[in-house]
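Numbering (this note's numbering), first residue to last: 4 to 494. Ideal Cβ positions, reconstructed from N, Cα and C, are used throughout, including at glycine. Structure first, commentary second.
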């Protein structure tokens, strides 16, 4: 039987003091998956599109699907049963220390361990069951006047309990010093951020809208717009398709949501990647002028950071940093004393495992051509490798870095329009838990990443996700945000 490993991923020293063991009951996973959220109209469109590319489906009846095996959601204590074993222990954990104990981990699906921690010299105690009744993170129970809040994630497959500081997700940047460059932060993002509406297969990438994403910690938005040569109304798209089958959605409305969020949370910073896609006949030059003249100018100019340099956190609180994935009109080449306009991602490398934009300000993993379910494992390994590369970087809080490290941008997204098993929600069902496991078990631990690299400040960089927030599950976002506590050790 495996021994319990505990990772204290907080700035607070903790000591495990007491262990109780209870008989457990495995909890079956609730029926349905993320794909159920997509409306019936999408399913009807899917059938019509599929028939266009697979005529044999009209001639050969599909074989009945095999029943899905029962999947277990978690474990809870058997009702009415007391502990069958308990012991006092003393396991001290310094901030960001990982320790494998001599305590036997819970018997999978049969047992629940109740752990009680203390903060040396601090008030109160903290308790948690592992595993929990669901795989989602839990806020540790505060006992006897405990004054801090911790989030715990138990990874049963690795017999590892990871403890994070419970950040206030609407304003998590408020705990970080002004001097850090934004590239030092662990920043959750979303891919095709506004695509939460009823849409064509593989177009929808998100479970909830942009404002709910922001309120739950997301700070990087991936926005695609279609431009017309004769109108500055910019419609939101994903590739060639509109993001909603019930009517166009517009950039102006999305920006209103962002401004309202920042007004309510002035400690925060948003990064917005803007790219031209869709069927509009407008050019990059048209898009750049529209953005300058209508959206990022006038009274709203104060809300944006369009300098082509990487800013420090204190210089851009309450603002949106432009990440530009389009070319500029000739009339804009003199912006900022001829240095450019926005963080330059205009030469974005396509379908890359580890690519650099021409500006050298962005280093990206954006491998997205997943043509079969088995390729998802390749995607997971590429994402882990990029997390490790980013975690190797170190940063100077005092300033003075003329050329700070680039933004490490790590897309967890991928899709294949013609394979339902490779639509965004299906891929997220595999990739998101795998990345949570990596962040809880291996990230920031010397030599434990795929390349066995050393660890610097262990930031994750910008991690761009699909289908976060489904059924209230923000674990991936919490794990990314949690790694910012490592920076607080240097403040």
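Under a Cβ-count criterion, where at least 16 other Cβ atoms within 10 Å of its own Cβ denotes burial, should residue i be classed as buried or exposed?
i, result
"residue 457", "exposed"
"residue 382", "buried"
"residue 4", "exposed"
"residue 494", "exposed"
"residue 53", "Only weak support exists for where residue 53 lies, its pLDDT of 43 falling under 50; the value from the coordinates is given anyway. So residue 53 counts as exposed."
"residue 121", "buried"
"residue 113", "exposed"
"residue 280", "buried"
"residue 19", "buried"
"residue 123", "exposed"
"residue 207", "buried"
"residue 364", "buried"
"residue 259", "exposed"
"residue 250", "exposed"
"residue 454", "exposed"
"residue 342", "exposed"
"residue 416", "buried"
"residue 93", "exposed"
"residue 406", "exposed"
"residue 56", "The predicted position of residue 56 is uncertain, since its pLDDT is 39 and thus under 50; a value taken from the coordinates is nonetheless stated next. So residue 56 ends up on the exposed side."
"residue 283", "buried"
"residue 401", "exposed"
"residue 294", "buried"
"residue 168", "buried"
What whole-angstrom Cβ distance do residue i and residue j have, given they're in contact under 8 Å?
i, j, result
"residue 146", "residue 129", "7 Å"
"residue 308", "residue 254", "Not quite, the Cβ-Cβ distance comes to about 18 Å (not below 8 Å), so this is no contact."
"residue 98", "residue 14", "5 Å"
In three-state terms, what does DSSP make of residue i?
i, result
"residue 371", "coil"
"residue 191", "strand"
"residue 244", "strand"
"residue 77", "strand"
"residue 104", "strand"
"residue 142", "strand"
"residue 11", "strand"
"residue 27", "strand"
"residue 492", "coil"
"residue 449", "coil"
"residue 91", "strand"
"residue 129", "strand"
"residue 157", "strand"
"residue 21", "strand"
"residue 467", "strand"
"residue 200", "coil"
"residue 176", "helix"
"residue 163", "strand"
"residue 3", "Since the first and last residues shown for the chain are 4 and 494, residue 3 lies out of range."
"residue 152", "coil"
"residue 384", "helix"
"residue 391", "helix"
"residue 413", "strand"
"residue 456", "coil"
"residue 86", "coil"
"residue 184", "strand"
Flag this pair as yes or no: are the beta carbons of residue i and residue j separated by less than 8 Å?
i, j, result
"residue 187", "residue 473", "no"
"residue 182", "residue 317", "yes"
"residue 470", "residue 427", "yes"
"residue 205", "residue 420", "yes"
"residue 274", "residue 329", "no"
"residue 304", "residue 394", "no"
"residue 248", "residue 197", "no"
"residue 446", "residue 411", "no"
"residue 349", "residue 327", "yes"
"residue 176", "residue 271", "yes"
"residue 339", "residue 357", "no"
"residue 245", "residue 289", "no"
"residue 9", "residue 151", "no"
"residue 497", "residue 216", "Shown here, the chain extends from 4 to 494; a query on residue 497 therefore has no answer."
"residue 191", "residue 484", "yes"
"residue 163", "residue 482", "no"
"residue 490", "residue 439", "no"
"residue 368", "residue 355", "yes"
"residue 87", "residue 26", "yes"
"residue 463", "residue 194", "no"
"residue 28", "residue 79", "yes"
"residue 292", "residue 347", "no"
Exercise. Please go through the segment 294-380 and give each complete alpha helix (DSSP H) segment of 4 or more residues, from N-terminal end onward.
Key: 316-319, 338-341
Quiz item: Unbroken alpha helix (DSSP H) runs of length 4 or more, entirely within the segment 207-294: which are they?
Solution: 213-218, 254-267, 287-293
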